[in-house]
């Protein structure tokens, strides 16, 4: 009898312990994420580009969306050389300073964009007082002065810099920019060296569009390998995500993620937006020199998206984010190119005056239905 009583008491003790344990499990069960940044925590940063309008009007509703859903920021235009140093030696950091201060005040992962880019570089950068091309020595010094001044100003405050933007063409050859014409391939090496000198702790990136194109993929891989062989620091590659409903293919995009990460650098999905509008030319990248005359047939959704197009949009975003999640060990950041549809440059490129719907939040800052689906998807990884 005594033995049975002992077993009974012991059993009750075990049951009590089990119930207490289950109670603790219920109490400590992790709450389901409700925002994008919480859903992707531990996988990659989720970011947005900020325009001067955002930076100068920080009380607007879209900034509430930014603080709620995003944890990384990049300046859309206001850190480019043509904006910061319109005239030689005259630096204007007013908007850039506000951008950095906002990021710091809100504990954001801050990315600088971009130090060297042919498209929005001021004309004086490449010419002398008579309008002739400067010598390689002069251009090298101007690059050094610009990079040292900008990167040095924000040393320790910017996580990483897009050092060079869009220097390789879709066929893998070098873009015949003024940087390339005057300095050849060395301009790439010099840009990264100068940035590293100015802030040795900052991460340094190369950023480009159409990065899923096989020719560009091969060209970028070769360029990075050449830099690495020369001992040049390069930490990451930005794959601009200016995508459409039909291009690029998931398969080619994945091949590029694997090829770039295989170089031993991090991969970032930058400038992400998804245009639903008909393209004047299939598989257009983001070359802002390409503009097309307005045609009504190219602007079919002025009153909103039909249900079938909205479904295509949702499915396409989910397919790409599934790809990003599948490779989250290789990807450090996914950045949308704007906060809501009204912000997007796609409303004016490559056809001015169109109404596009490329981002995750509507013009009134409400989340699209796909946002909750992305959050649910991420929670399963």
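Numbering (UniProt numbering), first residue to last: 1 to 381.
Beta carbons: idealized from backbone N, C-alpha and C, even for Gly.
* Tell me the DSSP bridge mates of residue 165? -> For residue 165, DSSP records a beta bridge to 117, 207.
* Which same chain residues, not among the five before or five after residue 230, have their C-beta less than 7 Å away from its C-beta? -> Excluding its 5 nearest sequence neighbours in each direction, residue 230 has C-beta neighbours in its own chain below 7 Å: 189, listed in chain order.
* With distances taken between CB atoms, is the gap from residue 336 to residue 273 smaller than 8 Å? -> Yes, these two residues count as a Cβ contact at 8 Å.
* Inter-residue spacing [alpha-carbon to alpha-carbon] between residue 67 and residue 138 -> Using only the alpha carbons, I get a separation of about 43 Å.
* Return the residue from the list 381, 365, 371, 376 that minimises the CA-CA distance to residue 62. => The shortest Cα separation from residue 62 among 381, 365, 371, 376 belongs to 365.
* Asked: Just to confirm, are residue 160 and residue 204 a CB contact at a threshold of 8 Å?
  -> With respect to residue 204, residue 160 sits close: the two C-beta atoms are nearer than 8 Å.
* Asked: Start and end of the beta strand (DSSP E) containing residue 48?
  -> 45 to 50 is the extent of the beta strand (DSSP E) around residue 48.
* If you draw a straight line from the C-alpha of residue 269 to the C-alpha of residue 54, how long is it? -> One C-alpha to the other measures close to 22 Å.
* DSSP on residue 129, reduced to helix/strand/coil? -> Three-state result, residue 129: coil.
* CB contact check: residue 124 to chain B, cutoff 8 Å -> Among the chains of the structure shown, chain B does not appear; only one protein chain is present.
* **Three-state secondary structure (DSSP) of residue 358** => Residue state, collapsed to three classes: coil.
* Let me know if residue 86 comes out buried or exposed under the rule of 16 or more other beta-carbons within 10 Å of its beta-carbon. => It is exposed - the Cβ of residue 86 has fewer than 16 other Cβ atoms within 10 Å.
* Report yes if the CB atom of residue 275 is closer than 8 Å to the CB atom of residue 358, and no otherwise. => Contact flag set, yes.
* Asked: If we ignore side chains and look at the alpha-carbon of each, how far apart do residue 40 and residue 46 end up?
  -> Those two C-alpha atoms are separated by around 7 Å.
* **For residue 249, the nearest candidate out of 320, 144, 58 (CA to CA)** => Residue 320 is the option with its Cα nearest to residue 249.
* Asked: If residue 373 sits next to residue 318, beta carbons under 8 Å apart, how far is it from one beta carbon to the other, in whole angstroms?
  -> Contact holds; Cβ gap of about 6 Å.
* Could you round the C-beta distance between residue 57 and residue 95 to whole angstroms and report it? I think they count as a contact, below 8 Å. => Their Cβ separation, rounded to whole angstroms, is 12 Å, which puts residue 57 and residue 95 out of contact at 8 Å.
* Through-space distance from residue 323 to residue 258, alpha-carbon basis -> Put simply, the backbone Cα of residue 258 is about 11 Å away from that of residue 323.
* Just mark residue 27 as buried or exposed, buried being the case when its beta carbon has 16 or more other beta carbons within 10 Å. => The predicted model places residue 27 with a pLDDT of 47, which falls under 50 and marks its position as unreliable, so this point remains unresolved.
* For residue 146, does the three-state DSSP call read helix, strand or coil? -> If DSSP states are grouped into helix, strand and coil, residue 146 belongs with the helices.
* Taking 8 Å as the cut-off, decide whether the C-beta atoms of residue 356 and residue 51 are in contact. => No, they are not a contact pair.
* Answer with buried or exposed for residue 379, where buried requires no fewer than 16 other C-beta atoms within 10 angstroms of its C-beta. => The residue is exposed, with fewer than 16 neighbouring Cβ atoms inside 10 Å.
* Asked: Using a threshold of 7 Å, is the CB atom of residue 311 nearer than that to any non-hydrogen atom of the ligand NAD?
  -> Summarising the ligand content, the structure contains no ligands, and the ligand NAD is consequently not present.
* DSSP state of residue 32, grouped into three classes? -> Note: residue 32 maps to coil in three-state DSSP.
* Just mark residue 271 as buried or exposed, buried being the case when its beta carbon has 16 or more other beta carbons within 10 Å. => With 16 or more other Cβ atoms within 10 Å, it is buried.
* Just checking my contact of residue 136 with residue 183 at CB under 8 Å: how many whole Å lie between their CB atoms? -> A Cβ-Cβ distance of about 5 Å is found for the pair residue 136 and residue 183, placing them in contact under the 8 Å criterion.
* Asked: Where does residue 112 land, buried or exposed, given buried means 16+ other C-beta within 10 angstroms?
  -> Per the 10 Å Cβ criterion, buried.
* Helix, strand or coil: which one does DSSP assign to residue 60? -> Of the three classes helix, strand and coil, the one that applies to residue 60 here is coil, per DSSP.
* With distances taken between CB atoms, is the gap from residue 196 to residue 155 smaller than 8 Å? -> Taking 8 Å as the Cβ cut-off, residue 196 and residue 155 do not qualify as a contacting pair.
* Asked: Alpha carbon to alpha carbon, how far is residue 91 from residue 98?
  -> Rounded to whole angstroms, the separation of the alpha carbons of residue 98 and residue 91 is 15 Å.
* Cα-Cα separation between residue 382 and residue 166, rounded to whole angstroms -> Residue 382 lies beyond the residue range present for the chain, which begins at 1 and ends at 381; the question has no answer from this structure.
* To do: Specify, as a first and last residue, the run of the beta strand (DSSP E) that residue 336 falls within.
  => Note, residue 336: beta strand (DSSP E), 331 to 336.
* When we look at the beta-carbon of residue 71 and count the other beta-carbons within 10 Å, is it buried (16 or more) or exposed? -> Its Cβ being crowded by 16 or more others within 10 Å, residue 71 is buried.
* To do: Please report how far the alpha carbon of residue 255 lies from the alpha carbon of residue 81, in whole angstroms.
  => Going by C-alpha positions, residue 255 is about 33 Å away from residue 81.
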